[in-house]
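Have a look at the structure below, then the notes.
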Amino acid sequence: MDRIDHSTNLQAPGLTRRHALALAGTGLALPALLPTPALAELVIDLRKGTFQPMPIAVADFAGEGGGLVSGIIANNLKRCGYFVPIEKARHPEKNPPFDAAPQFEAWKAAGVQALVIGRVSRDGGRLKAEFRLWDVVAGQQIDGQQYFTDPNNSRRVGHIISDAVFTKITGVGGFFDTRVVFVDESGSKEARRKRLAIMDQDGANVRYLTDGATSVVTPRYSPVAQEVTYMAQRTGEQPRVHVLNIETGQRQVVGNFPDMTTSPRFSPNGARIALSLQQGGNANLYAIDIGSRTTQRLTSTSAIDTSPSYAPDGSQIVFESDRGGSQQLYVMGAGGGEGKRISFGQGSYSQPSWSPRGDLIAFTRQGGGTFGIGVMKPDGSGERILTESFHNEAPNWAPNGQYIMFFRDPGGQSGGKLYMVDITGRVEVPVPTPSFASDPTWSPLLTAAR
Numbered sequence: 001m002d003r004i005d006h007s008t009n010l011q012a013p014g015l016t017r018r019h020a021l022a023l024a025g026t027g028l029a030l031p032a033l034l035p036t037p038a039l040a041e042l043v044i045d046l047r048k049g050t051f052q053p054m055p056i057a058v059a060d061f062a063g064e065g066g067g068l069v070s071g072i073i074a075n076n077l078k079r080c081g082y083f084v085p086i087e088k089a090r091h092p093e094k095n096p097p098f099d100a101a102p103q104f105e106a107w108k109a110a111g112v113q114a115l116v117i118g119r120v121s122r123d124g125g126r127l128k129a130e131f132r133l134w135d136v137v138a139g140q141q142i143d144g145q146q147y148f149t150d151p152n153n154s155r156r157v158g159h160i161i162s163d164a165v166f167t168k169i170t171g172v173g174g175f176f177d178t179r180v181v182f183v184d185e186s187g188s189k190e191a192r193r194k195r196l197a198i199m200d201q202d203g204a205n206v207r208y209l210t211d212g213a214t215s216v217v218t219p220r221y222s223p224v225a226q227e228v229t230y231m232a233q234r235t236g237e238q239p240r241v242h243v244l245n246i247e248t249g250q251r252q253v254v255g256n257f258p259d260m261t262t263s264p265r266f267s268p269n270g271a272r273i274a275l276s277l278q279q280g281g282n283a284n285l286y287a288i289d290i291g292s293r294t295t296q297r298l299t300s301t302s303a304i305d306t307s308p309s310y311a312p313d314g315s316q317i318v319f320e321s322d323r324g325g326s327q328q329l330y331v332m333g334a335g336g337g338e339g340k341r342i343s344f345g346q347g348s349y350s351q352p353s354w355s356p357r358g359d360l361i362a363f364t365r366q367g368g369g370t371f372g373i374g375v376m377k378p379d380g381s382g383e384r385i386l387t388e389s390f391h392n393e394a395p396n397w398a399p400n401g402q403y404i405m406f407f408r409d410p411g412g413q414s415g416g417k418l419y420m421v422d423i424t425g426r427v428e429v430p431v432p433t434p435s436f437a438s439d440p441t442w443s444p445l446l447t448a449a450r
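Number 444 in full-length UniProt numbering belongs to position 444 of the sequence shown; there are no gaps in the numbering.
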């Protein structure tokens, strides 16, 4: 993976170093569901029912390639739904100086609450990118950092700066410096070609991981590494669960089962995979240690148990089962057991996905001729449908637990498209892909993955 080095806390012009460090270090803990803003002066409080996106200005970064970096930042902040980047025609300073305080009164008059400025330069053979985040109302710098990397990494620098701005204002971890693996679909529905593809979370840098010789579904990213597990089926053969190392291209089949294996999911430490094994007319859950290849049976019923998903601390698994007569969600210990039903609303529930924060479980609910993407607490309380339409499926969490990506198929002879919704349900945006797409799965932050 491309390396990006950074040093934090650029001193604000006109402030002492001690003051600048104090500002940059301010932060509060997160509650169970919604984020607590990081600073009292410049905040987006998502708990308020009257939440409005924050007006922010992202000035063109100085230097060669600076426009690309600032453009990526503005696009990210707009797509996340919590900010409204002010169009450049309204910027009172076209090229605000990096080493001096901006004209706060002019920016306030333009309706701006937060201002991002920066510059890009070369330091030997490396790219050097710097930015400052200003609280326009308070007249203070609240963040400032610099990064050194290969010149080809300018897009990633834009994503990393976006994460820094997002986190400083919302108090929630970032998610822009990530990738998404999905199933790229082409051809008619009767002869659909399904390949694994990977892209940046904003739809850029698409490349294909499989060639379409085998049909692939349900990819799931490792929470800690650049690996993905998925189900693949070649014509005339049983579906098998695979693991693919995205960096090296190395792949392996997981388990040596005589029957069909489906719905794989990594454990939080990436060392185990839980999956569903079909045996005649029923299916049970198993866990496989990737290193030792030892197998543990988790359920033993005459029902269809599938779609397991680990809690982020690894102690529990949520899964779907029709043991009660319809598809519903159950939670059991990670070592297996009977499971406790947690879904009791109208309709059937499937495809559970445990939030990386541990506070919510996402799911697909079908009923009344529609498919909804919703969330509930791990005990089944607090159920909320975030979005609903003719056909929504496959919810998957961003690494910060604030957004869910899924696919929507409007029906007819078309195909699915990817969308992103936040846990308040107020933000929903399409995610661009080159063709029809389904089954998205989000990587961990690239700066945190091994």
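In this text, a Cβ means the ideal position worked out from N, Cα and C, and glycines have one as well. Owing to the predicted nature of the structure, the values given are computational and were not obtained by experimental measurement.
Could you check how far apart the C-beta atoms of Val116 and Phe131 are, in whole angstroms? I think they sit under 8 Å.
-> 6 Å
CB-CB length for Ala213 against Arg234, believed under 8 Å | 7 Å
Does Asn282 come within less than 8 Å of chain C when only Cβ atoms are used?
-> Looking at the structure shown, chain C is missing, and only one protein chain is on hand.
Find out if the Cβ-Cβ distance for the pair Gly411, Phe436 is shorter than 8 Å.
-> no
Lys194 (DSSP reduced to helix, strand or coil) = strand
Would you call the CB atoms of Asn9 and Gly144 closer than 8 Å?
-> yes
First and last residue of the beta strand (DSSP E) that includes Ile142?
-> 140-149
Inspect the beta-carbon positions of Ala164 and Val69 and report whether they are closer than 8 Å.
-> no
Run through DSSP, which three-state label would Val224 get?
-> coil
First and last residue of the uninterrupted alpha helix (DSSP H) at Lys417 | Lys417 -> not in any alpha helix (DSSP H); beta strand (DSSP E) instead, spanning 417-422.
State the start and end residues of the unbroken beta strand (DSSP E) segment that holds Thr370.
-> 370-376
To the nearest angstrom, how far is it from the Cα of Thr295 to the Cα of Ser188?
-> 39 Å
Three-state class that DSSP yields for Val172 in the structure shown | coil
Where do the N-terminal and C-terminal ends of the beta strand (DSSP E) with Asn245 fall, by residue?
-> 240-245
Report, in whole angstroms, the separation of the C-beta atoms of Thr441 and Pro239, which I expect to be a contact under 8 Å.
-> Their Cβ separation, rounded to whole angstroms, is 18 Å, which puts Thr441 and Pro239 out of contact at 8 Å.
Among residues of its own chain, excluding the 5 on either side of Asp289, which ones have a beta-carbon nearer than 6 Å to its beta-carbon?
-> Arg272
On the three-state DSSP scale, how would you describe Asp289?
-> strand
Terminal residues of the continuous alpha helix (DSSP H) containing Gly71?
-> 66-79
What did DSSP end up calling Phe407 once you bin it into helix, strand or coil?
-> strand
By a C-beta neighbour count over all protein chains shown, 10 Å radius and 16 as the cutoff for buried, is Asp150 buried or exposed?
-> exposed
Just the Cα atoms here: how many angstroms apart are Arg3 and Asp359?
-> 32 Å
Between Gln328 and the rest of its own chain, which residues show a CB-CB distance below 6 Å, the 5 nearest in sequence each way excluded?
-> Arg341, Ser343, Tyr349
Span separating the alpha-carbon of Glu393 from that of Gly63 = 44 Å
Where Glu247 and Glu237 are concerned, what is the direct C-alpha to C-alpha distance, given to the nearest angstrom?
-> 27 Å
In terms of residues, what are the limits of the alpha helix (DSSP H) holding Ala109?
-> 104-109
N-terminal and C-terminal residue of the beta strand (DSSP E) that Ala114 is part of | 114-123
Excluding the five sequence neighbours on either side, which residues of its own chain have a C-beta within less than 7 Å of the C-beta of Asn205, listed in chain order?
-> Met199
Phe436 bridges to which residues according to DSSP?
-> Glu185
Buried/exposed call for Arg195, threshold 16 Cβ in 10 Å = buried
Beta-bridge partners of Leu446, as assigned by DSSP | Answer is none; Leu446 lacks a bridge partner.
Classification of Asn256 by the beta-carbon crowding that lies within 10 angstroms, buried from 16 upward | exposed
Kindly indicate which residue of Arg357, Gly324, Phe176, Val253 has the alpha-carbon position closest to the one of Glu338.
-> Gly324
Assuming Ser355 and Arg179 form a contact by the criterion Cβ under 8 Å, report the distance between their Cβ atoms to the nearest whole angstrom.
-> Wrong, their Cβ atoms sit about 19 Å apart, outside the cutoff.
Ser315 in three-state terms, based on DSSP | coil
N- and C-terminal bounds of the beta strand (DSSP E) containing Lys88 | Element bounds for Lys88: n/a, residue is neither H nor E.
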